[in-house]
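Enquirer: Could you have a look at this structure, given as structure tokens, before my questions?
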Amino acid sequence: MKTSTVTPVSARNDNSQLGLWLYLMTDCILFAALFATYAVLLVGVADGPGPAEIFEPWFVLTQTGILLLSTLFAGISLVAASFMKRQLTVIMLVLTGIMGLLFISMELFEFQKLISEGFTWQTSAFLSAFFTLVATHGLHIFFGLIWLGVLLYRISKQGLTEKTIGHIKLFTMFWHFLDVVWIFIFTFVYMMGIIQ
Amino acid sequence: MNKSMRQQINEYIIGFSLCVLLTGAAFTVGMLYKDVGLDGATVAVIVLTCLALLQFVIQSVYFLHLDHEIGPKWRLASFFSMISVLLIIVVGSLWIMYNLNYNMMPEMLDDEQTQMLENPDEFIIKDELINP
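Quick note, the sequences are listed as chains F and V, same order. The numbering of the first sequence is the working numbering, which starts it at 138 and goes up by one. The numbering of the second sequence is the working numbering, which starts it at 2 and goes up by one.
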């Protein structure tokens with residue numbers, strides 16, 4: 138009689154989900170430190186512009202809408218994958234990626250515009266904190282997009298197996314997390330910024 | 002897990018719609034109080050914070066499914082320990098830095114310190130006085 142010592146895929150999926158979750162929790166702490174820094178340095182505008190002068194509310198609202206849509210598509214892709222609807226899964230993941238690309242392009246456009254106006258991260262403590270916080274979120278999106286690319290490649294090669302579905306689950310967790318962080322950037326950086 | 006695909010997708014769409022509504026509400030508050038200054042807009046700041054927290058809860062439930070975890074609640078436990086660290090970092094930083102700024106305010110200085118700020122030259126100990 139042989140007993141298998143190989144851990145079943147579903148149990149491994151559970152472990153990696155918990156692992157990713159723990160990583161996300163530590164990532165929250167990273168963002169908490171950046172938010173605290175931003176809040177402290179908010180008044181340190183030196184001779185540079187304040188938040189109200191550089192933020193464009195409608196632009197940011199569009200960005201927020203795009204990111205929300207992308208997180209919705211990511212969620213639907215996971216549901217579709219768990220029902221083995223391969224085509225719908227891939228369509229939704231591609232849409233997630235397009236929205237993510239749009240989002241990050243808009244962010245880069247915003248940064249590029251600020252820099253071309255002479256407002257860089259060297260201008261003031263406020264701008265240093267602003268660029269660090271928002272670009273850290275942008276960097277997460279960027280790596281998320283690379284992850285998504287790898288994921289789509291694996292689905293095209295292996296189809297929807299228990300393993301790839303597990304990966305979709307991990308990716309969507311990460312992606313939803315980024316949207317949660319963005320709520321706070323939207324509220325505390327941009328909306329409170331235009332009030333000030 | 003015995004919900005149909007349609008039902009599960011609908012749940013995501015409900016969560017998404019709630020988030021759109023809350024974002025719209027936050028945006029409206031922001032635009033209404035545009036350029037008012039944070040000191041004059043305490044209500045707006047409180048409302049915005051509440052809207053953000055509400056949307057945070059909605060996304061945690063509808064997207065991250067924090068409400069139905071099977072087995073030992075490791076995720077929920079680590080989530081709350083994260084919240085406690087987060088609060089210590091954010092509240093602690095703001096508290097300390099606010100106090101620091103408060104104690105640096107001119108009205109906190111006594112007469113002698115005010116004079117020192119206004120006429121620093123008179124208070125600089127000249128080298129020749131110490132070593133004639």
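All C-beta atoms, glycine included, are put in the ideal place defined by N, C-alpha and C.
#1: Would you mind giving the Cβ-Cβ distance between G31(V) and I191(F), rounded to the nearest angstrom? I have them listed as a contact below 8 angstroms.
#2: Do T43(V) and T201(F) count as a contact pair if the criterion is CB distance below 7 angstroms?
#3: Under 7 angstroms, Cβ to Cβ, is there at least one residue of chain V near V277(F)?
#4: Taking Cβ-Cβ distances below 8 angstroms as the criterion, which residues of the stretch 72-90 of chain V are in contact with chain F?
#5: Counting only Cβ pairs nearer than 8 angstroms, list the residues of chain V close to L198(F).
#6: At what residues does the alpha helix (DSSP H) containing A27(V) begin and finish?
#7: Verify whether the separation of the beta carbon atoms of L157(F) and L307(F) is less than 7 angstroms.
#8: Hey, could you find the ends of the alpha helix (DSSP H) L179(F) is sitting in?
#9: By the 7 angstroms beta-carbon criterion, what residues does the stretch 156-179 of chain F contribute toward chain V?
#10: Strictly under 7 angstroms for the Cβ-Cβ distance: is V216(F) near chain V by that measure?
#11: Just confirm the distance between the C-beta atoms of S214(F) and I302(F), as a whole number of angstroms; I'd bet it's less than 8 angstroms.
#12: Got a sec: is the Cβ-Cβ distance from I213(F) to anything in chain V below 7 angstroms?
#13: P188(F) and G296(F): beta carbons closer than 7 angstroms?
#14: Select from Y290(F), F263(F) and N150(F) the residue whose C-alpha is nearest the C-alpha of L185(F).
#15: By how many angstroms is the C-alpha of T50(V) removed from the C-alpha of F325(F)?
#16: Does I302(F) come out as helix, strand or coil in the three-state DSSP assignment?
#17: Determine the contact status of E254(F) and G275(F), defining contact as a CB-CB distance below 7 angstroms.
#18: Kindly indicate if chain V contains any beta-carbon less than 7 angstroms away from that of H313(F).
#19: In whole angstroms, what is the alpha-carbon distance linking S79(V) and F268(F)?
#20: Keeping to the same chain, check which residues put their C-beta closer than 7 angstroms to that of F323(F); ignore five residues upstream and five downstream.
#21: Taking Q9(V) as the query, report the chain F residues whose CB atoms sit under 7 angstroms from its CB, ordered along the chain.
#22: Can you find a C-beta in chain F that's less than 7 angstroms from the C-beta of C20(V)?
#23: Hey, would you say G212(F) sits closer than 7 angstroms to I278(F), going by beta carbons?
#24: Does any residue of chain F have a CB that is nearer than 7 angstroms to the CB of V62(V)?
#25: Just by C-beta distance, which residues in the stretch 46-59 of chain V are closer than 8 angstroms to chain F?
Expert: A quick look at the data gives this:
#1: Taking the second sequence and counting its residues from 1, the one referred to as residue 31(V) is at position 30. Taking the first sequence and counting its residues from 1, the one referred to as residue 191(F) is at position 54. I191(F) and G31(V) do not touch by the CB rule: their CB atoms are close to 15 angstroms apart, not below 8 angstroms.
#2: Locating residue 201(F) in the first sequence gives position 64, where the first residue counts as 1. Locating residue 43(V) in the second sequence gives position 42, where the first residue counts as 1. Cβ atoms of T201(F) and T43(V): not closer than 7 angstroms.
#3: The count along the first sequence starts at 1 and reaches residue 277(F) at position 140. Going by the sequence as given, residue 277(F) is His instead of Val. No, no contact with chain V.
#4: Residues passing the 8 angstroms Cβ filter: W75, R76, S79, F80, S82, M83, V86, L87 and I90.
#5: As a first step, residue 198(F) is located in the first sequence; it is residue number 61 there, counting from the start. Residues of chain V passing the Cβ test: T24 and F28.
#6: As a first step, residue 27(V) must be located in the second sequence, where it is residue number 26. Per DSSP, A27(V) belongs to the alpha helix (DSSP H) from M6 to L33.
#7: To locate residue 157(F), count along the first sequence from 1; it is residue 20. To locate residue 307(F), count along the first sequence from 1; it is residue 170. With contacts defined as CB atoms closer than 7 angstroms, L157(F) and L307(F) qualify as a contacting pair.
#8: Reading the first sequence from its first residue, position 42 is the one you call residue 179(F). DSSP places L179(F) outside any alpha helix (DSSP H), giving it a letter other than H or E.
#9: Contact residues of the stretch 156-179 of chain F toward chain V are W158, L159, M162, C165, I166, A169, A170, F172, A173, A176 and V177 (C-beta to C-beta distance below 7 angstroms).
#10: Here residue 216(F) is taken as the residue at index 79 of the first sequence, counted from 1. By this cut-off, V216(F) is an interface position.
#11: Along the first sequence, read from residue 1 onward, the residue named residue 214(F) stands at position 77. Along the first sequence, read from residue 1 onward, the residue named residue 302(F) stands at position 165. Wrong, their Cβ atoms sit about 10 angstroms apart, outside the cutoff.
#12: Here residue 213(F) is taken as the residue at index 76 of the first sequence, counted from 1. Yes - at least one Cβ of chain V is within 7 angstroms of the one on I213(F).
#13: In the first sequence, residue 188(F) corresponds to position 51, counting from 1. In the first sequence, residue 296(F) corresponds to position 159, counting from 1. No; because the gap between Cβ atoms is not below 7 angstroms, this pair is not in contact.
#14: Position 48 of the first sequence, counted from the start, is the residue given in the question as residue 185(F). According to the sequence provided, residue 185(F) is Gly. The question's Leu does not apply to it. The shortest Cα separation from G185(F) among Y290(F), F263(F) and N150(F) belongs to F263(F).
#15: Residue numbering aside, residue 325(F) sits at position 188 when the first sequence is read from its first letter. Residue numbering aside, residue 50(V) sits at position 49 when the second sequence is read from its first letter. Rounded to the nearest angstrom, the two C-alpha atoms are 8 angstroms apart.
#16: If you number the first sequence from 1, residue 302(F) lands on position 165. Helix.
#17: By 1-based counting over the first sequence, the position of residue 254(F) is 117. By 1-based counting over the first sequence, the position of residue 275(F) is 138. Not closer than 7 angstroms, so no.
#18: As a working mapping, residue 313(F) is identified with position 176 in the first sequence. For H313(F), the answer is yes, since a Cβ of chain V falls inside 7 angstroms of its Cβ.
#19: In the second sequence, counting from the first residue as 1, residue 79(V) sits at position 78. In the first sequence, counting from the first residue as 1, residue 268(F) sits at position 131. It is roughly 29 angstroms from the alpha-carbon of S79(V) to the alpha-carbon of F268(F).
#20: Looking up residue 323(F) in the first sequence gives position 186. For F323(F), where only same-chain residues beyond five positions count, the Cβ hits under 7 angstroms are V197 and T201.
#21: To locate residue 9(V), count along the second sequence from 1; it is residue 8. Going along chain F in sequence order, the residues near Q9(V) (Cβ under 7 angstroms) are V216.
#22: The residue given as residue 20(V) occupies position 19 in the second sequence. Under the 7 angstroms criterion on CB atoms, C20(V) is classed as interfacial with respect to chain F.
#23: On the first sequence, position 75 is the one that residue 212(F) refers to. On the first sequence, position 141 is the one that residue 278(F) refers to. Result no, Cβ atoms of G212(F) and I278(F) do not sit closer than 7 angstroms.
#24: Here the question's residue 62(V) lines up with position 61 in the second sequence. For V62(V), the answer is no, since every Cβ of chain F falls outside 7 angstroms of its Cβ.
#25: Cβ contacts with chain F: V46, L49, T50, L52, A53, Q56 and F57.
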